[in-house]
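Top line first, the protein sequences correspond to chains G and A.
Take the first sequence: its position 26, counting from 1, is numbered 26 in the numbering used here, and each next residue is one higher.
Take the second sequence: its position 85, counting from 1, is numbered 85 in the numbering used here, and each next residue is one higher.
Think of the CB as a built atom: it goes at the ideal place given N, C-alpha and C, for glycine as much as any other residue.
The structure under discussion appears below in the form of structure tokens.
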Amino acid sequence: MKVKRLTELSLMTGISLSLFALEMLIPNPFPIPGIKLGLANIVTVFAIYRYSAKETLLVLLARILLSSMFSGSLTTLLYSLTGGLLCFSGMLLLRKWVNEKHMYISSVIGAILHNIGQISAAIAVTKTMAIISYLPFLLVSGCLAGAFTGLCAQMAAGRIRGRN
Amino acid sequence: MKRHWILLVICAPVLVLSAALSIWALNAPGGNVAVIERDGEVLKRIDLAIDQEITIEYKDSCNVIEVSGGKIRVKEALCPDQTCVKMGWLKSGAFPIVCLPNHLVIEFERPDYADADAVSG
Numbered sequence: 001m002k003v004k005r006l007t008e009l010s011l012m013t014g015i016s017l018s019l020f021a022l023e024m025l026i027p028n029p030f031p032i033p034g035i036k037l038g039l040a041n042i043v044t045v046f047a048i049y050r051y052s053a054k055e056t057l058l059v060l061l062a063r064i065l066l067s068s069m070f071s072g073s074l075t076t077l078l079y080s081l082t083g084g085l086l087c088f089s090g091m092l093l094l095r096k097w098v099n100e101k102h103m104y105i106s107s108v109i110g111a112i113l114h115n116i117g118q119i120s121a122a123i124a125v126t127k128t129m130a131i132i133s134y135l136p137f138l139l140v141s142g143c144l145a146g147a148f149t150g151l152c153a154q155m156a157a158g159r160i161r162g163r164n
Numbered sequence: 001m002k003r004h005w006i007l008l009v010i011c012a013p014v015l016v017l018s019a020a021l022s023i024w025a026l027n028a029p030g031g032n033v034a035v036i037e038r039d040g041e042v043l044k045r046i047d048l049a050i051d052q053e054i055t056i057e058y059k060d061s062c063n064v065i066e067v068s069g070g071k072i073r074v075k076e077a078l079c080p081d082q083t084c085v086k087m088g089w090l091k092s093g094a095f096p097i098v099c100l101p102n103h104l105v106i107e108f109e110r111p112d113y114a115d116a117d118a119v120s121g
């Protein structure tokens, strides 16, 4: 891996961790586990369209591991990891299908997959089917948050392309 | 039809259906008996008519559960996210209180596994 690429990817990881830290400071009005804005996903959506699958995966894994260490809840690592990887695979498949101008749609589908992954992991770990009743709430918030983060990534991509 | 429109047409029903289900879940009727579960096993059946405070321990952590005036909630928790405390009183039969770090679930007892005592008593 070239030094320039490595630096760019490290920068991506750094930005996503900063966004994660920023989001921790915003009080969450919804007392439901798993509902969040997911600002860090802006970087994932952006990276999917800019870097190779392997490079994006590296950024994603580094961010998920480090962010759960920062937030001090390693128990939720498994849920984020399952959701994150499912979301990543979905967006990777959509990369060829949806062009860069419609990134936000990939992001919404990614968010839906993320929620499904999260809930499945939570059900598997706690062996409690009742958790599935959280899924509709997560999906509503996921679709909205996914569209928002997708639009952010799309705008960032537009600006960066203009400069290069 | 452009490809991204097809995807939007898939997303829209997901959003609408989820919103409808969310509203339904929030309004599902509750009951008089709650159960505290961990990893699929019932730890305690709680009659909500009796006011009490129960501490459920889990490894180094614990949840303090309060029953008061026919309602149940998590009063305190030693977990980092405090989501279960913020959820407040258990209101809906379809929407349990969950503490993911402590693997704890509190929900109204479902009719299908209510035992004979609940029926006769």
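Check whether chain A comes within 8 Å of residue i, counting only Cβ atoms and requiring the distance to be less than that.
i, result
"LYS36 (chain G)", "no"
"VAL59 (chain G)", "no"
"VAL43 (chain G)", "no"
"PHE137 (chain G)", "yes"
"VAL3 (chain G)", "no"
"HIS114 (chain G)", "no"
"PRO33 (chain G)", "yes"
"ILE109 (chain G)", "yes"
"ILE105 (chain G)", "yes"
"ALA47 (chain G)", "no"
"CYS87 (chain G)", "no"
Quick check: the Cα distance between residue i and residue j, rounded to an integer number of angstroms?
i, j, result
"GLY158 (chain G)", "ILE6 (chain A)", "24 Å"
"VAL119 (chain A)", "ILE46 (chain A)", "For VAL119 (chain A), the predicted structure reports a pLDDT of 47, less than 50, and the residue's modelled location is therefore unreliable. The matter cannot be settled from this model."
"LEU6 (chain G)", "LEU66 (chain G)", "18 Å"
"THR149 (chain G)", "VAL108 (chain G)", "9 Å"
"SER18 (chain A)", "GLU100 (chain G)", "27 Å"
"PRO136 (chain G)", "ILE112 (chain G)", "10 Å"
"ASN27 (chain A)", "SER92 (chain A)", "6 Å"
"GLU37 (chain A)", "ALA47 (chain G)", "41 Å"
"ALA114 (chain A)", "VAL35 (chain A)", "Low confidence applies to ALA114 (chain A): its pLDDT is 47, below 50, so where it sits in the model is not reliable, and the reading given next is rough at best. Looking at the two C-alpha atoms, the distance is approximately 10 Å."
"ILE23 (chain A)", "VAL16 (chain A)", "11 Å"
"VAL105 (chain A)", "LEU144 (chain G)", "27 Å"
"PRO29 (chain A)", "ARG161 (chain G)", "54 Å"
"ALA20 (chain A)", "ILE119 (chain G)", "19 Å"
"VAL74 (chain A)", "THR13 (chain G)", "36 Å"
"ALA94 (chain A)", "PRO29 (chain G)", "21 Å"
"ILE56 (chain A)", "THR126 (chain G)", "16 Å"
"LEU58 (chain G)", "SER71 (chain G)", "20 Å"
"VAL98 (chain A)", "ILE131 (chain G)", "8 Å"
Under 8 Å between the Cβ atoms of residue i and residue j?
i, j, result
"SER185 (chain G)", "LEU77 (chain G)", "The structure shown does not extend to residue 185 (chain G), since chain G spans only 1 to 164, so no value can be given for it."
"SER141 (chain G)", "ILE35 (chain G)", "yes"
"GLY70 (chain A)", "LEU90 (chain A)", "no"
"PRO33 (chain G)", "LEU100 (chain A)", "yes"
"ASN110 (chain G)", "MET91 (chain G)", "In the sequence under discussion, the amino acid at residue 110 (chain G) is Gly, which differs from the Asn named in the question. Yes. Within cutoff."
"GLU109 (chain A)", "GLY40 (chain A)", "no"
Starting from the beta carbon of residue i, find every residue of chain A whose beta carbon is closer than 8 Å, and list them in chain order.
i, result
"VAL98 (chain G)", "ARG3, HIS4 and LEU7"
"GLY72 (chain G)", "PRO80"
"SER133 (chain G)", "ALA25, ALA94, PHE95 and PRO96"
Does residue i have its Cβ less than 8 Å from a Cβ in chain G?
i, result
"ALA19 (chain A)", "yes"
"ALA77 (chain A)", "no"
"GLY30 (chain A)", "no"
"VAL14 (chain A)", "yes"
"VAL105 (chain A)", "yes"
Does the beta carbon of residue i sit closer than 8 Å to a beta carbon anywhere in chain B?
i, result
"LEU92 (chain G)", "Checking the listed chains, one finds no chain B in this structure; the protein chains it contains are G and A."
Residues of chain G with CB closer than 7 Å to the CB of residue i, please, in chain order.
i, result
"GLU37 (chain A)", "THR128"
List, in chain order, every chain G residue whose beta-carbon is nearer than 9 Å to that of residue i.
i, result
"GLU66 (chain A)", "In chain order: nothing, as chain G lies at least about 16 Å away."
Please go through the segment 58 to 124 of chain G and give each complete alpha helix (DSSP H) segment of 4 or more residues, from N-terminal end onward. With a minimum length of 4 residues, the continuous alpha helix (DSSP H) runs that stay inside the segment 58 to 124 of chain G are 77 to 95.
Any beta strand (DSSP E) of 3 or more consecutive residues that is wholly inside the segment 24 to 87 of chain A: Complete beta strand (DSSP E) runs here, min 3: 33 to 38, 41 to 47, 52 to 58, 61 to 68 and 71 to 77.
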